[in-house]
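Numbering (the working numbering), first residue to last: 458 to 960. Cβ atoms here follow ideal geometry from the backbone N, Cα and C, with glycine treated the same way. Since the structure comes first, as structure tokens, the remarks are kept for the end.
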């Protein structure tokens, strides 16, 4: 009986994850208390950095096992052994409560606009035959929207569109009709002669998603409202919307231009997983789908698209003028989009929240890791070393450390730690007001641009990695890092050079 229970526990622990993965997580859970115990005065520092590395590992293996369970066990242990406290985790969650609201309500709100989004983007996909123009369009549109909206909302929109495209083709590739019930996670029914096109279609969608994801960072760096850390930094420094834009423009505008040129180069050269064209068979199916939708669209269907379009206009205006927290605007979108399109039963409403809630739980686990970083002061030695420097050397070092740390940790947290430290240095006379402004620009740029290197730094990237779309198009952590690499190198180098030249 005992052996049977042990076998059952081994099977149930982390579900269908590989055995080696389960054993690795167990090793992590044993290792951290040992490091804390045997590390003496530096035990917390060593165990803290080990925890960060272990959590990154769970993100890397997201397609093997959703990170919430393994990462959550590590976070629970961190609280249990004293690396952080429940109060500290709660403070992090409260500080980022607007993001939690956004995930709960805005992502669900976008779900109720999917008919209109699929209508618009199907026409775009069918009408624009050039992959290069499509890629540039996705990148620039994501950048423009992210300058005034938030990257998570923009990412939620493109994920909804991509899932819609994929679902349409996968049904037909599996020998079914457009209206048939179908599980598009299961490739078992995909006919042999369509498997090659399905692979190329996945590559096509992967490249569009990555171009758009990078676009959110290109636009997000430019304005005060583009990213949460921008608003924080502008508040500490005392810049208004226009002043923030003008201080960042000598860096953000060249970075945007270079980003668009990088998009063109990657599509032309077909490097790093880019360059896949839309297969002709997929285009034919999308054209047939569009024609069928036009033919069968009755007044009620047309009204539904019009209503969703009007709600989308409300969404853009409400976000642009910041009439309320983003999550509350998302709740308003849900109410408007469902009330006027006849969606009133609980089952259909509940399905809209399916995508975002697991990620919301993962994000709170991430806040626990951030609480460990803060409580154990893992970044403090680097900050002290940078503040001991002077002039351009200090500026270069601040950009470098902020950028590198934003690749492995939450960029909002990194910006908070470093702008607070620099403000203290200003108040105590360690840096001049001019140098303070220059360092603020460096921190803002470094926490926006180099953080595209991994899903750890950008919440929008992490959302994409853990979304329902990622396994469909085979977008894992490693592939995401590989596809982001050319953008990371080129954009970071450009931003670094322009920071030193213009500040």
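For residue 754, no alpha helix (DSSP H) segment is defined, and its DSSP state is neither H nor E. Around the C-beta of residue 696, 16 or more other C-beta atoms lie within 10 Å, and the residue is accordingly described as buried. Here the C-alpha atom of residue 839 lies approximately 29 Å from the C-alpha atom of residue 700.
Taking residue 874 as the centre and dropping the five residues before and after it, the same chain places the C-beta of 836 closer than 6 Å to its C-beta, in chain order. The shortest CA-to-CA distance from residue 793 to any of 816, 769, 811 and 814 is the one to 769. Within the stretch 507 to 573, the complete alpha helix (DSSP H) runs of at least 4 residues fall at 524 to 537, 543 to 552, 554 to 558 and 564 to 568. The closest CA to that of residue 533, considering only 929, 485 and 685, is found on 485. Secondary structure of residue 642 (DSSP, three-state): coil. When DSSP states are grouped into helix, strand and coil, residue 915 belongs to the coil group. Straight-line spacing of the CA atoms in residue 652 and residue 661 works out to 14 Å.
A straight-line Cα-Cα distance of about 44 Å links residue 899 and residue 795. Around the beta carbon of residue 889, fewer than 16 other beta carbons lie within 10 angstroms, which makes this residue exposed. Per DSSP, residue 851 is one residue of the alpha helix (DSSP H) stretching across 848 to 865. In the displayed model, residue 621 falls within a helix according to three-state DSSP.
Residue state for residue 585 is assigned as coil, using DSSP reduced to three classes. Secondary structure of residue 781 (DSSP, three-state): coil. In the same chain as residue 611, and ignoring 5 residues on each side of it, the C-beta atoms closer than 7 Å to its own belong to 599, 602, 603 and 673, in chain order. Here DSSP, grouped into helix, strand and coil, assigns residue 474 to coil. With at least 16 other beta carbons inside 10 angstroms of its own, residue 879 counts as buried.
Pairing residue 765 with residue 569 gives a Cβ-Cβ distance under 9 Å. Contact between residue 624 and residue 830 fails: their C-beta atoms lie close to 39 Å from each other, not under 8 Å. The way I'd put it, the stretch 512 to 522 doesn't touch the stretch 546 to 559; fewer than three beta-carbon pairs between them come closer than 8 Å.
Taken in chain order, the complete alpha helix (DSSP H) segments of 4 residues or longer contained in the stretch 690 to 775 are 698 to 726 and 737 to 753. The beta carbon of residue 755 sits closer than 6 Å to no other beta carbon from its chain once the five residues preceding and following it are set aside. The alpha carbon of residue 924 has as its nearest neighbour, out of 767, 818 and 846, the alpha carbon of 818.
Counting every other CB atom within 10 Å of its CB across the protein chains shown gives residue 468 a total below 16, marking it as exposed.
With fewer than 16 other CB atoms across the displayed protein chains lying within 10 angstroms of its CB, residue 891 is exposed. For residue 668, the enclosing alpha helix (DSSP H) stretches over residues 649 to 677. In the three-state scheme derived from DSSP, where H, G and I count as helix and E and B as strand, residue 960 is classed as coil. Shortest Cα-Cα distance from residue 704 to any of 719, 679 and 722 involves 679. Across the set 587, 714 and 852, the C-alpha of 714 shows the shortest separation from the C-alpha of residue 948. An exposed status is given to residue 633, since fewer than 16 other beta-carbon atoms sit within 10 Å of its beta-carbon. With 16 or more other Cβ atoms from the protein chains shown falling within 10 Å of its own Cβ, residue 907 counts as buried. A distance of 9 Å or more separates the beta carbons of residue 658 and residue 577. Judged by DSSP secondary structure, residue 822 falls within the alpha helix (DSSP H) whose first and last residues are 813 to 832. Secondary structure of residue 791 (DSSP, three-state): helix.
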